[in-house]
Amino acid sequence: MTLVQAMMLFTVDELKSYYLTYFGKKPSVSRKADIVDALEKGLSDPFLLKTYWDALPEIEQHLVRESIYNYQGVIDRGRFTAKYGYLPSSKRRNSWQVEKLLGYSVFFYKSNVRREHSIPLSLQKQLKQWAMPPEKESITSVVLSEPLDASFRIHHREPRVFTELNLLLTAIQNQKIKVSDKTVSPTAATLKYCSRSLEEYYPSFDFYEVSGEEHILSYGWIKLLANSRFTQKNTTVLTMSSTPAMSNAETIRFIWNDWVFKSVQDEFNRISAIKGQTGKGRRYMTDVSGRRMDIVEGLKACPVGEWVSFDDFSRYLEAIGSDVVVTTAPEYLYACDSHYGRFYDADWNVLAEPYLQCVLLEYAATLGLIDIVLCDLDKTDSSNEQYWGLMDLECFHRYEGVTYFRLTKLGAYVLGESDHYEPETVNLDVTPVTLMPKGRFYFASTPMPWEIQFIGLYCKQKDELLWALDRKLIVEALQSGGSTDELQNFVLKRDPQPFLPQDWETLFKQVNQRIDGATAQFEAMVYCCKNKEVLALILSNKVLTKYCQPLDELQLVIPKNKALSFKNKLNEMGIGCQ
């Protein structure tokens, strides 16, 4: 649509306001065509247009520049406000009966194909002579105050993630992880079992509206592993698949990518205070993979190893137009009551921010992609005065404590921002130990929770401070990607002597040599013969004896892939096989 065609969609009074705003005086003509002609000539005059542009306030110039280069010619109020803090008012003052508009308004016109006003392409081309592209949006790092307020807690996730992965894989090998048959969500008993071995983000808060905050880490781990290529669901039990999983950065990358691209479950369902997600509103929920990819791009923009505030990260995503909006029809979602609590024109902070906080805490932090600072849930501000049903909540959702986070080296590797990964060295408090013969050792004092978590992968606790190596646990840990080297480094870092006792070294050597001592080749089937006569007849056949062997008095064992050939040969011999 040309500029003249766009002007012709206005009324005469509207055109007079545009004329007054641009030329600073009322038009001397009254016919619509004459006003349009005068306006078109004025906006096409480079000198007049440049003079008018230079006189615009800076904030209005920003608005026009953003519209031309980033908003496809329209005004995106949410994005502009997120970037610049406020939007210019739509009107300035009245002059007699003709209304004078804000300066930027003379560039925006009606359209036959758009509901909102936009800048015609011909006018955009002229404006680009002086309107330079706006600065790109960025995320600013912050320095945390030391010490932090008592209501905040830093969770260093990267140093713990491999120990936790090893622990969870071992639990899956031992068939300890029970999940729902339909949703593959962990059972309450499984969450309690895992939380005893993990250092959860929160204790249990006594909130009426929110529950499950004491199992966020366990829930995230199980959902991530259940969706990965390394596990499979056997009715209600999570078991290992044929794809081997190792406790390393590459496995973390596979788990993350499997979740980003393959998981169909919507994490927004975890925001239980927002209802309507499974009713009519379900058809309007946006694609989860698209949302996750936009969050991934946002994380890539974060400086590695530097803290950023969640508020700034959220503002950045909104300002660049990220498609993190969870629904195209927010009026189908509501809080408390479907008659009074519908969200209609819900702000970014009500629908998008809770989803962002859920993904960051339950998935990104759980896998060690980010370290995170959490505020106690009973100290967060849950007030949303403009929304009925949210204004009186003591706690909106279990993730609203997310305050700061930083992208780790592991996160940079998993997201493809780094070609290789070197573990981050973090100075954590360590408890001295005394190594003893027979695989035993004493802690000098009560060990830290994360030390108990790690050592429990390889050792059994004999007394309050006494632990002992356990062959079964060591083998299970090695099968899940663990290493005797990391166990050796753990104890030698805490014991003054620079070497292991002889029996320790012997045990480690034997276990490493025998870790692949027996390898599964194929599945077998066991057949039971009716009597000894049938057994003897089968064993006397030269063909059958090549792949069947006696197992018990009347039993034969054969490879599963030979079952059909075995049955056909028996039929040829006149022997039925069921």
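Going from the sequence shown to our numbering is simple: count from 1 and add 45.
In this text, a Cβ means the ideal position worked out from N, Cα and C, and glycines have one as well.
* Applying the criterion that 16 or more other CB atoms from any shown protein chain within 10 Å of the CB defines a buried residue, is Lys-320 buried or exposed? -> With 16 or more Cβ atoms within 10 Å of its Cβ, Lys-320 is classed as buried.
**Request:** Could you spell out where the beta strand (DSSP E) holding Leu-514 opens and where it closes?
**Result:** Per DSSP, Leu-514 belongs to the beta strand (DSSP E) from 511-514.
Span of the beta strand (DSSP E), counted from its first residue to its last, around Cys-420 | For Cys-420, the enclosing beta strand (DSSP E) covers residues 415-420.
Out of Ala-522, Tyr-116 and Ala-410, state which residue places its alpha-carbon closest to the alpha-carbon of Ile-199.
Cα-wise, what sits closest to Ile-199 is Ala-410.
Discussion item. Check this for me: beta carbons of Thr-628 and Val-371, under 8 Å apart or not?
Written reply: The requested residue 628 does not occur in the structure, where the chain is confined to residues 46 to 623.
**Asked** Tell me which same chain residues have a C-beta within less than 7 Å of the C-beta of Trp-141, skipping the five on either side of it?
**Response** Because Trp-141 sits at a pLDDT of 48, beneath the cut-off of 50, its placement in the model cannot be relied upon, and the following sentence gives the value as read from the coordinates. Correct list: empty, nothing qualifies.
- Item | 3 or more residues per run - each beta strand (DSSP E) lying fully within the stretch 431-495 | 447-452, 478-481 and 485-488
Under 8 Å, do Pro-492 and Thr-476 count as touching if we go by C-beta distance? yes
* **the stretch 241-255 in contact with the stretch 220-227 per 3-pair CB rule at 8 Å** => no
### Task
May I have the straight-line CA-CA distance separating Tyr-67 from Tyr-97, to the nearest angstrom?
7 Å
_Quick check on this structure: which residue in Leu-419, Lys-538 and Arg-485 has the alpha carbon closest to the alpha carbon of Met-474?_
For the sequence presented, residue 474 should be read as Asp rather than Met. Answer by Cα proximity: Lys-538.
| query | Are three or more beta carbon pairs between the stretch 382-402 and the stretch 311-327 nearer than 8 Å? | reply | These segments touch.
- prompt: CA-CA distance, Val-256 and Val-158?
  reply: Note that residue 256 is Ser in the sequence shown, not Val. Cα-Cα distance, rounded: 47 Å.
What are the boundary residues of the alpha helix (DSSP H) that Asn-279 is part of?
-> Unbroken run through Asn-279 is the beta strand (DSSP E), 276-279; no alpha helix (DSSP H).
Open item on the list: Beta-carbon within less than 7 Å of Leu-552's beta-carbon, same chain only, minus the 5 sequence neighbours each way: which residues are those?
Closed with: Gly-484 and Leu-514
Run of the beta strand (DSSP E) containing Gln-506, from where it starts to where it stops:
504-506
query = Skipping 5 residues on each side, what residues in its chain have a beta carbon closer than 8 Å to that of Ser-383?
reply = Lys-320 and Gly-321
Could you tell me which uninterrupted alpha helix (DSSP H) segments, each at least 4 residues in length, are contained entirely in the stretch 54-106, listed from first to last along the chain? 57-68, 77-89 and 91-100
>> Helix, strand or coil, according to DSSP, for Met-338 in the structure here?
In response: helix
Just to confirm the assignment, what range does the beta strand (DSSP E) spanning Phe-153 have?
That residue, Phe-153, is in no beta strand (DSSP E); it is neither H nor E in DSSP.
Below 6 Å CB to CB, which residues in the same chain sit around Gly-386 once its five sequence neighbours on both sides are set aside? Tyr-379, Ala-380, Trp-433 and Gly-434
Assign Pro-165 to one of two classes, buried (16 or more other C-beta atoms within 10 Å of its C-beta) or exposed (fewer than that). buried
### Task
Go through its chain and collect everything with a Cβ distance to Leu-132's Cβ below 7 Å, but skip five positions before and after it.
Arg-122, Phe-125 and Thr-126
Given a cut-off of 8 Å, decide if Ser-134 and Met-46 are closer than it, judged by their beta-carbon atoms. Note that the C-beta distance between Met-46 and Ser-134 is not below 8 Å.
In terms of residues, what are the limits of the beta strand (DSSP E) holding Arg-629? As shown, the chain starts at 46 and ends at 623. That puts residue 629 outside it, with no answer to give.
According to DSSP, is Cys-622 helix, strand or coil?
coil
Beta-carbon proximity of Gly-369 to Phe-450, cut-off 8 Å = Before going further, note that residue 369 is Val rather than Gly in the sequence given. No; because the gap between Cβ atoms is not below 8 Å, this pair is not in contact.
Practice problem: Report buried or exposed for Trp-549, applying the criterion of at least 16 other Cβ atoms within 10 angstroms of its Cβ. | Solution: buried
- Query: According to DSSP, is Lys-223 helix, strand or coil?
  - Reply: strand
- Can you say whether Phe-358 is buried or exposed, counting buried as having 16 or more other CB atoms within 10 angstroms of its CB? If you draw a 10 Å sphere on the C-beta of Phe-358, you find 16 or more other C-beta atoms in it, and that means buried.
Answer with buried or exposed for Arg-138, where buried requires no fewer than 16 other C-beta atoms within 10 angstroms of its C-beta.
Confidence at Arg-138 is low in this model, with a pLDDT of 46, below 50, so the placement of that residue is unreliable and no value is reported for it.
query = Among Gln-542, Arg-315, Arg-202 and Asn-272, which one has its Cα closest to the Cα of Pro-399?
reply = Arg-315
Item to complete: Output the distance between the C-alpha atoms of Thr-235 and Val-119, rounded to the nearest integer angstrom.
Response: 51 Å
field: Straight-line Cα distance separating Cys-403 from Tyr-64
entry: 51 Å
Checklist entry - How would you write the range of the alpha helix (DSSP H) that Cys-403 sits in, first residue to last? => result Per DSSP, Cys-403 is one residue of the alpha helix (DSSP H) stretching across 393-404.
Nearest to Val-305 (by Cα), restricted to the options Lys-325, Arg-274 and Tyr-329
Closest option to Val-305, Cα to Cα, is Arg-274.
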